[in-house]
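Dropping the structure here:
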């Protein structure tokens, strides 16, 4: 069970990203890209196993704080990424540390996820300095993004402070499927 909660965290947390994105969602500025906070739900499926949790993610260039919890609010996992590396505290209060998220997930899960890209993908951008393919529509922009061996499908969008942001998205790659439903966005660039 612990392994699945760690996989949930691994599929969400990302490293620091400072270069500007190459594709844009209408109305989304660099401040929003670099600073956001979200609450929602996520589910991960890998082979025949699956798990789900509530998610709270606060992203800044210098730090990420991510908490996964049960529907009743009990913390399952808390993860922090800062200049000193990555620290994960699990539901048994065991602390795990690594220099970066990729090393931590490799050690705890046995494989790595492309975590450095998710802070871009979650706001509807392709990560910079990597090739990508994108499908767009006139209303929302991106509907499907393929990058770094992952396919990100945007199935629903929402208006937040005049900005179109994903409400539901699915990431599929390397035998893993991650579904995110974001119920609440807080944007530092618009507050």
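Numbering (the working numbering), first residue to last: 1 to 191. Positions of the beta carbon are idealized from the N, C-alpha and C atoms, including for glycine.
Quiz item: Would the beta-carbon of residue 55 fall within 7 Å of that of residue 40?
Solution: Against the chain shown, residue 55 aligns to sequence position 55. Against the chain shown, residue 40 aligns to sequence position 40. A contact, by the Cβ cut-off of 7 Å.
Quiz item: Going along the chain, which residues of its own chain have a beta-carbon closer than 6 Å to the beta-carbon of residue 89, five neighbours each way excluded?
Solution: Residue numbering aside, residue 89 sits at position 89 when the chain shown is read from its first letter. Contacts found: 78 and 95.
Quiz item: Can you give the Cα-Cα distance for residue 179 and residue 162, rounded to whole angstroms?
Solution: Position 179 of the chain shown holds residue 179. Position 162 of the chain shown holds residue 162. Straight-line Cα distance between these residues: approximately 25 Å.
Self-check item: Burial state of residue 104 (16 or more Cβ within 10 Å)
Solution: The sequence position of residue 104 within the chain shown is 104, counting from 1. Residue 104 comes out buried.
Self-check item: Proximity of residue 65 and residue 80 at Cβ, strictly below 7 Å
Solution: Within the chain shown, the letter at position 65 stands for residue 65. Within the chain shown, the letter at position 80 stands for residue 80. Yes, the pair counts as a contact, with Cβ atoms nearer than the cut-off.
Quiz prompt | Distance between beta carbons of residue 146 and residue 133, contact taken as under 8 Å | solution = Sequence index remark: in the chain shown, residue 133 carries index 133 (1-based). Sequence index remark: in the chain shown, residue 146 carries index 146 (1-based). About 4 Å separates the two Cβ atoms, so the contact holds.
Quiz prompt | Beta-carbon gap between residue 76 and residue 98 smaller than 7 Å | solution = Within the chain shown, numbered from 1, the residue matching residue 76 stands at position 76. Within the chain shown, numbered from 1, the residue matching residue 98 stands at position 98. Result no, Cβ atoms of residue 76 and residue 98 do not sit closer than 7 Å.
Exercise. Would you mind sorting residue 165 into buried or exposed? The rule is 16 or more other CB atoms within 10 Å of its CB.
Key: As a first step, residue 165 must be located in the chain shown, where it is residue number 165. Answer is buried; the Cβ neighbour count reaches 16.
Quiz item: Hey, out of 160, 187, 148 and 184, whose CA is closest to residue 171's CA?
Solution: On the chain shown, position 171 is the one that residue 171 refers to. The residue with the shortest Cα to Cα distance from residue 171 is 148.
Quiz item: Which stretch, first to last residue, makes up the alpha helix (DSSP H) that contains residue 118?
Solution: What you label residue 118 is simply residue 118 of the chain shown in a count that begins at 1. Start and end: 118-121.
Exercise. May I ask which residues mark the beginning and end of the beta strand (DSSP E) holding residue 80?
Key: Residue numbering aside, residue 80 sits at position 80 when the chain shown is read from its first letter. Counting along the chain, the beta strand (DSSP E) containing residue 80 begins and ends at 75-82.
Exercise. Give the range of the beta strand (DSSP E) segment to which residue 166 is assigned.
Key: Numbered from 1 along the chain shown, position 166 holds the residue referred to as residue 166. It spans 163-173 - the beta strand (DSSP E) in which residue 166 sits, taken as one unbroken run.
Quiz item: Can residue 45 and residue 139 be called in contact, C-beta distance under 7 Å?
Solution: Mapped onto the chain shown, residue 45 falls at position 45. Mapped onto the chain shown, residue 139 falls at position 139. Contact flag unset, no.
Quiz item: Among 47, 181 and 82, which one has its Cα closest to the Cα of residue 156?
Solution: Position 156 of the chain shown holds residue 156. Here the closest residue by C-alpha is 181.
Quiz item: Are the beta-carbon atoms belonging to residue 58 and residue 34 less than 7 Å from one another?
Solution: To locate residue 58, count along the chain shown from 1; it is residue 58. To locate residue 34, count along the chain shown from 1; it is residue 34. Cβ atoms of residue 58 and residue 34: not closer than 7 Å.
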